[in-house]
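This report concerns only the one structure given below.
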Amino acid sequence: MKSTHTAIAMAIAAALVLPVAHTAHAQGTASDSLALAASTIVGRVSEASRGVSLEGAIVTVGGRQVSTDREGIFRVGGLAPGRYTVQVDYLGYGHHETEVVLGETGGARVDVALRSTASATDLDVVEVRATRDAQAMALNQQRASTNYVNVVSADLLGQFPDNNIAESTQRIPGVSIERDQGEGRYVTVRGAPKEFTTVSIDGVQLANPDSTSRGVELDTIPSDVISALEVTKALTPDMDGDAIAGNINIRTQSALDREGLTLRASVAGGKYQLGDGDNQRYNATVGNRFGADQNIGVLISGSLSKQGRFTDNVESLYTPVNGGFAPTEIQIKDYEGTRTRKGLTGRFDFRINPDNLVYLVASDSNFVDREFRDNLTITLDRYSDDANETTGTARATFDKELRERTYDKTIRTYNLGGEHYAGENWKIDWQASQSKATKVTDPRMQYIFRSNERPQMEYDYSDHDFPTWTIVGQPDAPATGVNLPEDWYAFRRLNDRYEYSEEKETGLRLDLGRQQNFLGDTGDIKFGLRARQRDKQFDDERYRNDNGADFAALGISYSDMLCDSLSDNFGYFLTGRRFCRDIFDKYAGQLIDSENHRRLIPDSLTGDYTASEDVYAGYARLDATWGALTMITGVRYERTETEGAAIGFDEESGAITPLSSSRSYSNVLPSLHFRYELNPDSILRASWSTALNRPDFMHTAPYRIIGEADDGNVIGIQEGNPQVKEAYAHNLDLSFEHYLRPLGLISGALFYKRIDDPLFLASHDEDADNGQTWQITRAENGENGRIYGAEIAWQQTFDMLPGALDGLGVYANYTYAKSEAELPFGLGKTELPGTSRTNYNLALTYEKYGLNARLAYNYRSKFIQSFDVSNPALNVYWDERASLDFSASMKLGDGWSVFGEVNNIQDTRQIRFQGQRNRVLEMESFGRSWLAGVRYQF
């Protein structure tokens, strides 16, 4: 490992020396900014009215076609002296041609300013339409790409009422999200499990605060601190290979993206309908260019939001009873919490000269969720002979609890890199980065009170969303419902818990590229090295005091801990008075200080783990062009070395044993991509690529958590499986895009993924020596799986319509996906977690006369979330859900505007069920929300 690090460090040092030497040699010229090789034409393409750089412009010089980078810069080398026509084509803007003379001794530079077609008819009147121009930038970047990429600009996403990055991604074709209490958290691409998608910032993979999954918790990152989202669905050899579904790259803003000062700010406030919680949002961005040549850019962007969220929630678990199923546990939960999200990004860019750029990016995203949860838990057993999943009688145990839980998630990323041209041919890119994520859950305390009575209770689930319960044989019980007398309850226990999860990745990257002339009319060849070292740890500490005498010593009763607020879940489930929010501050200290407050062992030991994963990679990539046909091919090699550690605990002897494991493996990842330009507006792409899905970190550690025996003397055991293999996928993609003038896109894509050794959490039984049965659940490999489907998309601004109608636009996409995989142990076939058959977006837009309005509809069909491998009839599904949102803004002049947003207009609920829709596992409602504010942009 050390020798590998040394080699990469020396290579990066060499990359740093080369531009310094080259710059020193160029200082004899009149200006460093004009120090160009004799055979090179360099230029910049920008928007005429505001000086914004235009990325993705297609520039043709001397029969060679290139595209502009994020600064709008293009570079064409290897040209003979002479006169050339520089042609620039950019959707939504007028075509441009200019003559350039390339001399014998020096290169040439040309700057091009394009004017939007929306204002080209009257050069004295320029109406800036930010969303339209943002859409143009995204579509041009997508058009210029050789492999299949979807690009959405921050300005366009900013017109949707989204709270975080996860919610922004759901607007992109093929992308859907999983939610927590109505708010987007995880991202799913093309129906694949969330672990199949990687997330990066400026090419640096994000560390993940989640201790159990590789799926990145994107609710941590605000949606206001980005420049664009890029979703790459077909990997090229220079990209990290662990992205079977694709990679979502969050691009940060740069002051070099436009001329002069960048200044934006907004302030907004509103409410959440359920619970009347506050909805606040603030953000600001300031940046500028400095230096004699305006070649130094500094930009800082910050965001703060605070949301008072209330959620009604009812859950039921089902279990096999009398040859069928019956509810075994009901939980009626009131959530009341405050979610605070902060984001801060700083970027420094130094364009030393056209041949050299150095940049530094730092980002910090923080998400704090402080929550109180009132809960009534009803546990059923001893069922009547006629009990089934709809009606029956059973003995009921009642627990009332209050949980106070705060988790604090942070993702910090640092990225130092450079882009350099050495001589006339070589380009050197390098990057050194670190990403660190932490998740701290503290406090996580819980009072539990249990009823002294365990009566018989009749249940009726004829209305499976709103069942009825009737207690029988208790004269002081309510006639119907579960609002029990307060004197039924007595202290059960105080739980205290602390969790800490940390993940850190350090990365190094070096890429070397140059023009090649041995294949095709033009082309490039590229080589690279990559090192990624990722470390993960998780610590779970649990304490409990269940001593009734300690609680009696407080001199209070259950009723003294209740306040006047009533639980009125869905206006239907009534459970009585809710707990006062200060009872932890008032009464928990004495219980915690007692000698009866004890650490729970093995609970505080056996779930802890540490894991490391070092990935060393090298690749070769070849690009070649024959007229309208462009090809990318190459191969990537990745070597993976993993280590894991956990703690073993023997309950009989109390012995603690350190456990460790390790594994090394290698993968070869070839790929082949074609782009064929039927005409400048019609692009056909086809690709074959390969990719990996490595096991979740916790499964690489040899942990072992032993549960309690059930009535059948079966003990559930959860354990790691360090020898489980990575999944390997072959991906086929075919797409057609037709770009509409003046600005729009109609596209379609087909995709197919064959997955070898897909990963599952699966169970199998083993006989123990004492006559018990162990049901062991751990990560296992299935035989194979597949995902296939199609995407269609339509975006268009109707500039061709007369008068006020030319402000109309549409943004729509539809995705169909289907998956199938063989479960381990011959348990049959199933769909993969996260596969919704149908996803679609439809947004109607209007931008004219300073008004920008958007009505957006998003739909996702049902999908499987988790498996019950012992009883597939109890697999857990999320039901279909749709959301209708509205946003609008109005310009006031001098850069000021007002805006408003309304979310979840239809007040749709979120439903989970076990096996079939009538077995409702969870029904959740979070209501509508609205927000209004003022925005300034210079």
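The numbering of the sequence shown is my numbering, which starts it at 72 and goes up by one.
We put the beta carbon where it would ideally sit given N, CA and C, even for glycine.
C-beta atoms of residue i and residue j nearer than 8 Å
i	j	result
A716	F598	no
Q378	N359	no
R521	R568	no
K304	G286	no
K148	V116	For the record, residue 148 in the displayed sequence is Gly; it is not Lys. The answer is no: Cβ separation not under 8 Å.
A339	R352	yes
E214	A237	According to the sequence as given, residue 214 is Arg; it is not Glu. In this structure, A237 does not lie closer than 8 Å to R214 by Cβ.
V223	L300	yes
N764	E712	no
I935	N942	no
Y532	T461	yes
D313	A762	yes
E490	L579	no
T269	D233	no
N366	K404	no
V132	V157	yes
T416	S372	yes
S760	N802	yes
H668	N616	yes
Q505	K575	yes
Euclidean distance between Cα positions of residue i and residue j
i	j	result
R444	A263	32 Å
G689	Y930	41 Å
E288	T382	20 Å
H955	Q604	At residue 955 the sequence reads Leu, which differs from the His that was named. Between L955 and Q604, the C-alpha separation is close to 42 Å.
F997	L645	18 Å
V302	I272	12 Å
S216	D694	12 Å
Y708	R329	38 Å
A1013	L487	The structure shown does not extend to residue 1013, since the chain is modelled only from 72 through 1009, so no value can be given for it.
D679	A355	40 Å
Q1008	W967	7 Å
D452	Q789	25 Å
D752	I776	58 Å
Y859	S937	20 Å
L625	I672	27 Å
Residue environment, residue i, which counts as buried when at least 16 other CB atoms sit within 10 Å
i	result
M994	buried
K657	exposed
A726	exposed
M208	buried
R250	buried
M871	exposed
K900	exposed
V171	buried
Y920	exposed
DSSP state of residue i mapped onto helix, strand, coil
i	result
G897	helix
N910	strand
M632	helix
Q545	coil
Y658	helix
S1013	Because the chain is modelled from 72 through 1009, residue 1013 falls outside the range shown and cannot be assessed.
N486	strand
D567	strand
H166	coil
S224	strand
R265	The question names Arg, but residue 265 in the sequence shown is Lys. DSSP places K265 in helix when its eight states are reduced to three.
D328	helix
H770	helix
P943	helix
R605	strand
E557	helix
Rounded Cβ spacing between residue i and residue j (contact assumed at less than 8 Å)
i	j	result
F831	L879	48 Å between Cβ atoms; not a contact.
D426	Y492	4 Å
A19	T481	No answer is possible for residue 19: the residues shown for the chain start at 72 and end at 1009.
Y406	A397	About 27 Å separates the two Cβ atoms, so there is no contact after all.
T548	L555	Inspection of the sequence shows that residue 548 is occupied by Ala rather than by Thr. Right, the Cβ-Cβ distance comes to about 7 Å (below 8 Å), so this counts as a contact.
Cβ of residue i within 8 Å of any chain D Cβ
i	result
A927	Among the chains of the structure shown, chain D does not appear; only one protein chain is present.
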